Amino acid sequence: MALLEALPGWVWDAKEDGFAEGLVKLRAYADEHGHARVPPSWVTADGFRLGNWVSNRRSRRGQLGADRAAQLEKVPGWVWDARS
0 MALLEALPGW VWDAKEDGFA EGLVKLRAYA DEHGHARVPP SWVTADGFRL GNWVSNRRSR
60 RGQLGADRAA QLEKVPGWVW DARS
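What follows is the structure in structure tokens.
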């Protein structure tokens, strides 16, 4: 196990790691812009497709676990329907 964990970029749960990364970037966006209505084509300076990530979370609301949904709802300015 230690050998795997020593590899640069290694994570045990890539899905969880991807959610955590998106959440951090969404919070940064909300802090900077005062809302979480990320345009669908928005890409961060480091190349993370945040607009796509946010759109996917919104469209899969019923498939997200309660914990993930709650984490998103804590982001300032988060709305499930960006058109509202």
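Going left to right, the sequence shown walks through residues 0 to 83 as numbering that gives the first Met the number 0 numbers them.
Ideal Cβ positions, reconstructed from N, Cα and C, are used throughout, including at glycine.
Keep in mind the model is a prediction, meaning the values are calculated, not measured.
When we look at the beta-carbon of residue i and count the other beta-carbons within 10 Å, is it buried (16 or more) or exposed?
{"i": "Arg56", "result": "buried"}
{"i": "Ala35", "result": "buried"}
{"i": "Trp79", "result": "exposed"}
Grab me the residues of residue i's own chain with a C-beta within less than 8 Å of its C-beta, minus the 5 sequence neighbours each way, in chain order.
{"i": "Gly50", "result": "Val37, Pro38, Pro39, Ser40, Trp41, Val42"}
So, under 8 Å CB-CB, residue i and residue j are touching, yes? Tell me the CB distance rounded to an integer number of Å.
{"i": "Pro75", "j": "Ala29", "result": "5 Å"}
{"i": "Arg60", "j": "Ala68", "result": "7 Å"}
Can you name, in chain order, every residue of its own chain whose Cβ lies under 6 Å from the Cβ of residue i, other than the five neighbours on each side?
{"i": "Val53", "result": "Val37"}
{"i": "Trp11", "result": "Note that Trp11 has pLDDT 48, beneath the 50 cutoff, so the model's placement of it is unreliable and no number is given."}
Could you pull out every residue in the same chain whose Cβ sits closer than 7 Å to the Cβ of residue i, ignoring the five residues on either side in sequence?
{"i": "Leu71", "result": "Arg56, Trp77"}
Is it a yes or a no for the stretch 17 to 30 touching the stretch 44 to 58, going by three-plus beta-carbon pairs under 8 Å?
-> yes
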